[in-house]
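K.L.:
Numbering (the numbering used here), first residue to last: 6 to 372.
#1: Which residues in the same chain have their Cβ closer than 6 angstroms to the Cβ of residue 67, if we skip the five residues on either side of it in sequence?
#2: DSSP three-state call for residue 291: helix, strand or coil?
#3: Just to confirm before moving on: does the CB-CB distance between residue 351 and residue 218 stay below 8 angstroms?
#4: Whose C-alpha, out of 339, 356, 291, 45, is nearest the C-alpha of residue 166?
#5: For residue 324 and residue 359, what's the separation of their Cα atoms in angstroms?
#6: Do the CB positions of residue 220 and residue 246 come within less than 8 angstroms of each other?
#7: Would you mind reading off the limits of the alpha helix (DSSP H) that contains residue 195?
#8: Taking 8 angstroms as the threshold (C-beta atoms), are residue 312 and residue 240 in contact?
#9: Return yes when the Cβ of residue 329 is within less than 8 angstroms of the Cβ of residue 341, no when it is not.
#10: Counting Cβ pairs closer than 8 angstroms, one from the segment 60–74 and one from the segment 127–146, do we hit at least three?
#11: Ends of the beta strand (DSSP E) at residue 346?
#12: Please name the residue or residues paired with residue 106 in a DSSP beta bridge.
#13: Decide if residue 303 is buried, meaning its Cβ has at least 16 other Cβ atoms within 10 Å, or exposed.
#14: My guess is that residue 111 and residue 72 are in contact by the Cβ rule of under 8 angstroms, so how many angstroms apart are they, rounded?
#15: If we count Cβ pairs, one from each stretch, closer than 8 angstroms, do we get three or more for the segment 8–17 versus the segment 130–150?
#16: Identify the continuous alpha helix (DSSP H) that holds residue 219 and give its terminal residues.
#17: Taking the alpha carbon of residue 228 as the reference point, which residue from 11, 318, 8, 40 has its own alpha carbon closest?
#18: Roughly how many whole angstroms lie between the Cα atoms of residue 124 and residue 96?
#19: Counting pairs of beta carbons, one from the segment 282–297 and one from the segment 185–204, are three or more of them closer than 8 angstroms?
#20: Can you tell which of 174, 338, 253, 32 has the C-alpha that lies nearest to the C-alpha of residue 305?
#21: Where does the unbroken beta strand (DSSP E) through residue 56 begin, and where does it stop?
#22: Please work out which residues of its chain come closer than 8 angstroms, Cβ to Cβ, to residue 69, disregarding the five sequence neighbours upstream and downstream, and give them in chain order.
#23: What does residue 62 pair with, by DSSP beta-bridge criteria?
#24: In angstroms, rounded to a whole number, what distance separates the CA positions of residue 153 and residue 145?
#25: From the DSSP output, which residues share a beta bridge with residue 272?
#26: Where residue 25 and residue 94 are concerned, what is the direct C-alpha to C-alpha distance, given to the nearest angstrom?
#27: Check whether the segment 175–189 touches the segment 73–87, taking contact to mean three or more Cβ pairs, one atom from each stretch, closer than 8 angstroms.
#28: My output table needs one value for residue 321: the three-state DSSP class, helix, strand or coil.
#29: Does residue 92 pass the burial test, meaning 16 or more other C-beta atoms within 10 Å, or should it be called exposed?
#30: Determine the closest residue to residue 299 out of 263, 357, 148, 84, with distance taken between C-alpha atoms.
#31: So the candidates are 155, 268, 301; which of them puts its Cα closest to the Cα of residue 208?
#32: Please work out which residues of its chain come closer than 7 angstroms, Cβ to Cβ, to residue 12, disregarding the five sequence neighbours upstream and downstream, and give them in chain order.
#33: Pull up the CB-CB distance for residue 201 and residue 216, whole angstroms please, since I reckon it's below 8 angstroms.
#34: Looking at the secondary structure, which residues open and close the beta strand (DSSP E) in which residue 117 lies?
#35: Mapping the DSSP letters down to three states, classify residue 42 as helix, strand or coil.
#36: Here's the rule: buried if 16 or more other CB atoms are within 10 angstroms of the residue's CB, otherwise exposed. What is residue 149?
In structure tokens:
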């Protein structure tokens, strides 16, 4: 919107400087770029590129004829000196009674710049002067587009430039991550607590998954034990744990994550629940379909059907890890049996990350 110029752009439509209109255009253009940037980082999305000309774009044609603004011709009016108005206390911006129609349209020599409209010679000369907007031709833009689309590299792709400019995850952070996790585990043992979920990161579904995995961990210790137990046993043991442990219940319901008991009708809750989200209505109608949706999105669900889902997940994880040959020691796989501690434990953070990455297709698109 500024032709490559900054906040001091002098080419506004009679607004103040900096122009609100141009700032709005630049803001939308920036938001558009960021949406394309996110699309480019989405797995299996189209290859995404963007080219931003930072100059006026010209030209389409040069000629003589009627001058049109927003598709309409400019009618000619006259105001002889004898018809001049006096500047007193007020001034009308539009006054249909003023100006004498000449019954003709403005005609002149022009240069057609395309979407920016028709410029006079003086306007074009001013805006294209070195140090002003200057200009780039449509053909040069099109050539860059074609080169990028056909796999070339012009150096003008904004999405690629952002990919190279942003700070990606670092080796140092990855190295220190293990130390941070060890410190957290050490403090958990020191204070006799387990740090599960605070519902600060979000979404509520993350907290729900972490709490459910934690309950399985408390009652069954290992992933292997979960796969061997019946779904009714899983549900009954988790309910028993929730029933006798007030501190455990409080951790969940106090952060807005309610607990749905196996009958599908009984809910343990605190003063606030995160799901369903408050959208202006504080009281909503309940139906079996809504209960299923709410339980999926942010309730600890102790129903048998959810235990079946957890068993299915863990079986997929164990089967996938066991299919990796023991002599496969390369860098191809990172979720090997050793990653899951040979299925002798349940680590809720790893399970939630697996669900987001694999089950919900939420994997990071670019390293």
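Beta carbons are placed, not taken as given, at the ideal position from N, Cα and C, and that holds for glycine.
P.N.:
With the given structure in hand:
#1: 116
#2: coil
#3: yes
#4: 45
#5: 14 angstroms
#6: yes
#7: 176–196
#8: yes
#9: yes
#10: yes
#11: Per DSSP, residue 346 belongs to no beta strand (DSSP E) and is neither H nor E.
#12: 82
#13: buried
#14: 5 angstroms
#15: yes
#16: 209–225
#17: 318
#18: 29 angstroms
#19: no
#20: 253
#21: No beta strand (DSSP E) contains residue 56, which DSSP labels as neither H nor E.
#22: 112, 113, 114, 115
#23: 141
#24: 12 angstroms
#25: 265
#26: 28 angstroms
#27: no
#28: helix
#29: exposed
#30: 263
#31: 301
#32: 23
#33: 6 angstroms
#34: 112–117
#35: helix
#36: buried
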